[in-house]
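Protein chains in written order, with this note's numbering: chain A, 2 to 331; chain B, 263 to 437; chain C, 19 to 472. Backbone N, C-alpha and C define an ideal beta-carbon position, used for all residues, glycine too. These numbers were taken from a predicted model, which means no experiment stands behind them.
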């Protein structure tokens with residue numbers, strides 16, 4: 002099937018969504034997605050950031066669609082023509098959605114562990130207005146403790162439901178869910194209950210914002226001062242393929258390996274994520290490829306070759322020293 | 263999260279009569295779709311206990327063979343289920359536009375004044391609470407209020423009819 | 019006096035019982051359909067009748083039925099939407115209370131037409147009395163052989179159940195209703211797939227409003243062609259109008275579509291004029307979500323023609339000068355009513371009822387409510403009106419389900435037509451908390467429009 006997005010035509014399998022067709026093309030024409038997650042069935046359609054304009058329905062029925070559609074949940078038809086960044090209407094609507102997502106989102110990026118890898122931060126930067134028009138108190142929630150592994154900041158949540166789908170589809174039981182309704186909806190367990198089972202840590206990786214973060218990594222370091230390295234181990238529960246995040250010579254965080262759209266390639270178990278924080282636990286594959294646009298590349302990470310994590314490596318020591326000096330100077 | 267720690271959460275055991283009613287409801291749906299019974303079953307639980315406690319929800323989950331969180335999600339979404347104890351009679355007054363055109367706001371003020379409690383609170387004798395609710399689909403007969411668990415409607419309310427209603431309910435409770 | 023098809027026998031003694039209903043010719047449509055018509059014939063009659071969905075959207079019922087997928091070996095469902103929650107609408111409650119067998123008869127005929135063997139009537143939970151009435155009526159019908167196995171010896175089986183909701187306006191949206199019927203939160207589904215392909219339990223499903231189902235009975239009794247003769251243009255048949263607000267005779271009226279709005283408001287057959295000798299200020303013609311119109315625009319279209327109670331005439335002029343038929347919730351405002359306060363009240367309603375699933379509606383409805391609240395309570399700013407219009411635009415059309423539109427339209431239309439009153443709430447903030455703006459020029463004759471060549 003042929004579909005044209007912002008003037009670029011691509012051939013895709015029947016049943017492909019507009020968003021995934023756009024991802025096959027890649028680049029700037031890919032709509033942003035805050036709630037859709039290709040590995041989670043039923044996800045998508047909720048955040049409305051991926052809205053696009055279908056200017057031609059299909060070869061057979063060329064009528065345009067009357068409203069903007071969620072590209073993540075709309076299947077392509079042969080001959081369909083879609084406008085994303087070439088449509089002012091889409092840009093305007095997306096700006097509106099970003100504004101809606103931000104009016105109640107706390108501006109605590111300086112102390113948020115997600116900062117630097119937060120999709121809402123990126124989206125706000127690209128589409129948000131410099132000033133808010135919202136003059137009321139931001140929504141707050143009572144704090145709830147969901148255990149010693151995962152930190153929940155409900156005020157940051159954008160209700161993408163990804164963590165709910167993850168618990169349903171990846172873990173063996175779901176302990177948390179969305180309670181209440183409307184703008185009072187929140188991720189919660191009815192009575193404070195630890196969300197803890199073999200794969201529960203994956204809710205951290207799927208969260209597009211800082212609502213669910215790794216408690217063991219909390220306030221340890223800004224993500225752009227860490228050094229991501231691909232590694233694996235023999236794990237009897239999961240694929241064992243992870244990204245290790247180093248601060249100096251310490252592994253301070255373990256996550257799944259994320260692709261360019263922020264989705265993990267494969268889900269990992271809690272043992273790999275929380276209990277294996279020594280270099281010796283892992284076989285190091287090499288430095289993680291980091292986009293030059295990412296804040297993570299700001300630490301001159303690519304100068305540290307060969308592998309920066311081998312203790313005796315003088316280059317690494319030198320790099321760490323440099324970094325230390327830079328930090329203390331700042 | 264709903265704070266429930268300060269509320270007594272007595273263990274719940276459903277009576278055989280109640281279970282029989284549940285069974286009847288469950289039989290209305292195809293095999294394996296027993297979750298459909300959740301809303302009607304919660305209504306029955308509330309009619310029995312006056313509200314829906316966490317242990318009751320856990321029991322419902324067990325009965326329907328679903329996860330407890332699935333029950334919490336549903337019970338907190340719908341406005342009819344009380345997540346904390348209420349007065350014996352909950353006066354639910356419609357507060358939406360058409361009723362307000364014919365004086366619903368005055369009726370709510372009057373009820374607040376007569377009962378001496380704010381919206382959502384319970385009177386000292388445990389008999390009454392009241393709250394404003396959204397449109398009850400009785401706009402032509404407003405102002406209206408309803409009282410569960412039978413959800414009897416009281417239409418074309420006036421301060422006099424509210425007085426009578428409260429007096430009647432008090433008399434009923436004391437008999 | 020217009021023809022009555024649904025409420026003709028509403029005052030007959032015992033009409034709420036099976037016997038009383040049968041004495042007025044009840045269940046003739048079941049006999050006729052099951053014994054003399056094929057399911058496709060029934061669908062054809064409904065198509066011919068031109069019946070349009072009475073729940074609000076006005077989509078042709080026969081066409082909706084013909085879209086139902088019919089894969090082999092998969093059950094099909096008919097679900098009646100009795101979640102009547104749109105402010106200003108109370109016709110379904112009235113119908114179910116007074117004449118429950120009409121709905122049940124319609125359900126049997128419609129289920130037969132669609133090939134459904136299990137059907138549900140989803141009634142909003144607050145209507146427990148109506149649920150009890152329906153359950154009693156179903157038991158009566160079953161005893162008389164109109165429900166259950168082998169109905170009237172025709173070999174057709176049907177079980178009919180009543181399902182209560184739990185208190186959520188959003189469950190009137192058909193996919194949210196199906197979610198709720200499956201025992202879940204009332205979050206509307208993302209479409210496609212539409213219920214006709216994958217509805218209840220993933221099976222092909224039709225969801226119809228109470229009044230639409232009830233209308234099937236006279237359509238089968240008299241024939242689709244006869245039904246289509248009533249009404250005007252594409253607005254065929256009769257419609258139940260729920261009349262409320264500041265009128266002498268609030269209540270449910272069955273009208274032949276095409277009655278002039280002016281006649282509906284002022285004639286003794288219907289609303290009987292504005293209560294307490296006041297003057298008409300505004301009307302919300304189709305339930306709270308449709309645009310509000312000032313007195314002059316509800317009585318006359320922009321071309322100075324008499325506005326009629328029909329789908330087409332009520333929407334004449336688009337949203338600039340028209341409104342919608344909606345669910346027929348006709349709310350009348352007299353000169354003492356404050357449009358700002360009412361708009362805030364409606365905005366609060368939609369804020370309260372938003373399911374919270376998609377961001378524009380979840381966040382936008384609350385935002386609009388807060389701004390309107392400050393306007394109503396004397397803390398508004400001149401820029402608030404533009405802000406409200408802008409926020410409403412950012413919600414409208416960008417949400418999963420029509421609740422976003424329903425929340426946006428009343429706000430946008432109130433500012434469109436009553437901007438003076440909103441501005442007065444800013445410039446005369448203190449005064450606005452003690453008295454109302456009054457009628458102003460909202461009932462003045464419309465200026466002559468100059469014909470502009472398109």
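- CA-CA distance, residue 309(C) to residue 219(C), rounds to 35 Å.
- DSSP, reduced to helix, strand and coil, places residue 287(A) within a strand of the structure shown.
- Listed as beta-bridge partners of residue 215(A) by DSSP are 151(A).
- Exclusion of the five residues before and after residue 105(A) leaves 139, 140 as the residues of its chain whose Cβ lies within less than 6 Å of its Cβ.
- Using a Cβ-Cβ cut-off of 8 Å, residue 268(A) does not count as an interface residue toward chain C, since no Cβ of chain C sits closer than that to its own.
- Residues of chain A whose Cβ lies closer than 8 Å to the Cβ of residue 378(C) are, in chain order, 49, 97, 98, 101.
- Taking a cut-off of 8 Å on C-beta distances, the region 220-239 of chain A touches the region 266-282 of chain A, as three or more cross pairs fall below it.
- Under the three-state reduction of DSSP, residue 158(A) is assigned to coil, being neither helix nor strand.
- Under the three-state reduction of DSSP output, residue 207(C) falls in the coil class, being neither helix nor strand.
- By the Cβ neighbour-count rule, residue 230(A) is buried, with 16 or more other Cβ atoms within 10 Å of its own.
- Non-local beta-carbon contacts of residue 342(B) in its own chain, meaning distances under 8 Å to residues more than five positions away in sequence, involve 305, 308, 410 in chain order.
- Judged by DSSP secondary structure, residue 97(A) falls within the alpha helix (DSSP H) whose first and last residues are 89-104.
- Assigned with DSSP and collapsed to three states, residue 31(C) falls in coil, not helix or strand.
- DSSP, read as helix, strand or coil, puts residue 345(C) in coil.
- Of all C-beta pairs linking the region 210-217 of chain C to the region 181-200 of chain C, three or more are shorter than 8 Å, placing the two stretches in contact.
- DSSP places residue 369(C) inside the alpha helix (DSSP H), whose first and last residues are 357-371.
- The DSSP-derived three-state label of residue 6(A) is strand.
- For residue 381(C), the nearest beta carbon of chain A is closer than 8 Å to its own beta carbon.
- 8 Å or more divides the Cβ of residue 373(C) from the Cβ of residue 413(C).
- Per DSSP, residue 233(A) is one residue of the beta strand (DSSP E) stretching across 228-233.
- In the pairwise beta carbon analysis, the region 83-91 of chain A is classified as not touching the region 419-439 of chain C: fewer than three pairs are separated by under 8 Å.
- Taking C-beta atoms under 8 Å as the contact rule, residue 28(C) and residue 82(C) fail to qualify, at a distance of about 27 Å.
- DSSP places residue 81(C) in the uninterrupted alpha helix (DSSP H) bounded by 79-84.
- Put simply, the region 72-92 of chain C does not touch the region 160-175 of chain C. Fewer than three CB pairs are less than 8 Å apart.
- Residue contact check for residue 27(C) against chain A: no CB pair falls below 8 Å.
- Of 311(C), 112(C), 270(C), the smallest CA-CA separation from residue 459(C) is found for 311(C).
- A residue is called buried when at least 16 other Cβ atoms come within 10 angstroms of its Cβ; residue 93(A) does not meet this threshold and is exposed.
- Within the region 404-446 of chain C, complete alpha helix (DSSP H) segments of at least 4 residues are found at 421-445, given in chain order.
- Going by DSSP, residue 40(C) is part of the alpha helix (DSSP H) stretching over 36-41.
- Between the region 440-457 of chain C and the region 385-401 of chain C, the count of Cβ pairs shorter than 8 Å is three or higher; the stretches touch.
- A straight line joining the alpha-carbon of residue 13(A) with that of residue 98(A) spans about 28 Å.
- For residue 189(A) and residue 144(A), the gap between their C-alpha atoms comes out near 10 Å.
- The beta carbons of residue 137(C) and residue 96(C) sit about 4 Å from each other, so the pair counts as a contact at 8 Å.
- Within chain C, no residue has its CB atom less than 9 Å from the CB of residue 346(B), the nearest being about 16 Å off.
- Per DSSP, reduced to three states, the secondary structure at residue 313(B) is coil, with no helix or strand assignment.
- Straight across, the Cα-Cα distance linking residue 351(B) with residue 155(A) is about 35 Å.
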